[in-house]
Amino acid sequence: MEIERKYLITRLPEGATDHPYHLIEQGYLSTEPVVRVRREDDNYYLTYKSKGLLEREEYNLPLTMDSYDHLIQKADGHILTKRRYLIPVENSDSLTIELDIFEARFEGLMLAEVEFDTREDAEAFTAPEWFGEDVTFTGEYQNSRLSRLP
1 MEIERKYLIT RLPEGATDHP YHLIEQGYLS TEPVVRVRRE DDNYYLTYKS
51 KGLLEREEYN LPLTMDSYDH LIQKADGHIL TKRRYLIPVE NSDSLTIELD
101 IFEARFEGLM LAEVEFDTRE DAEAFTAPEW FGEDVTFTGE YQNSRLSRLP
């Protein structure tokens with residue numbers, strides 16, 4: 001089960017891009033249900049996600065590079081590329097901000113996600129000052145939806 005909140009970011013705090021990051025490329029074989037292929041650095045995955053905004057089922061299966069290369073060519077819509085920075089949440093031993101800075105077609109778009117162990121933890125979360133609008137419940141910034149934009 002994936003439980004996460006998502007925020008639109010309009011300004012980065014000092015030092016945000018000094019943290020470790022992953023280079024991500026992903027495409028969608030289906031958006032209902034969500035079936036995604038992703039390259040994260042030198043790792044490759046096929047992911048299924050159920051419907052939902054705050055909570056949804058998620059299953060990741062490893063792929064080989066050859067399988068990924070074959071499947072990404074079958075993706076519908078736009079291929080998304082982004083740099084994902086991993087930033088520890090202040091005053092938390094277990095939470096991490098995943099700051100996505102998009103490239104190519106969506107250059108300039110920045111989103112932050114925080115994953116939680118429980119729905120209660122997600123609902124009680126107080127976002128850092130530099131977070132913008134909470135877009136968790138709009139669905140507008142789900143990557144699968146971005147891939148389908150004209």
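Number 131 in the UniProt record's numbering belongs to position 131 of the sequence shown; there are no gaps in the numbering.
Think of the CB as a built atom: it goes at the ideal place given N, C-alpha and C, for glycine as much as any other residue.
Quick caveat, the model's predicted, so the values are computed rather than measured.
Asked                                                                                                                                                                                  : Found
When DSSP builds the beta bridges, which residues end up paired with Q26?                                                                                                              : R38 and L80
CA-CA distance, G27 and R5?                                                                                                                                                            : 22 Å
So, are the CB atoms of L54 and V37 less than 8 Å apart?                                                                                                                               : no
Please give the ranges of any beta strand (DSSP E) in the UniProt domain "CYTH" (1 to 150), keeping only runs that are unbroken, at least 3 residues long and fully inside the region. : 2 to 8, 21 to 31, 34 to 40, 43 to 49, 58 to 63, 76 to 88, 96 to 102 and 110 to 115
Using CA atoms only, rank isn't needed, just tell me which of D100, T10 and N143 is closest to W130.                                                                                   : T10
Measure how close the beta-carbons of F137 and F125 come, nearest whole angstrom, since I'm counting them as under 8 Å.                                                                : Contact flag wrong, Cβ pair sits at about 14 Å.
Rounded to the nearest angstrom, how far is the Cβ of K82 from that of I3, given a contact under 8 Å?                                                                                  : K82 to I3, Cβ: 21 Å. No contact.
Leaving out the 5 sequence neighbours to the left and right, which residues in its chain are closer than 6 Å to residue 157 when beta-carbon positions are compared?                   : Past the edges of the chain, shown from 1 to 150, lies residue 157, and the structure says nothing about it.
With 16 other CB atoms within 10 Å as the buried threshold, where does Y59 fall?                                                                                                       : exposed
Rounded to the nearest angstrom, what separates residue 169 and G139 at their Cα positions?                                                                                            : Because the chain in this structure spans residues 1 to 150, residue 169 falls outside the shown range and cannot be described.
Quick check on this structure: which residue in R56, Y21 and E14 has the alpha carbon closest to the alpha carbon of V34?                                                              : R56
With I87 and H19 assumed to form a contact (beta carbons below 8 Å), what rounded beta-carbon distance in angstroms separates them?                                                    : 5 Å
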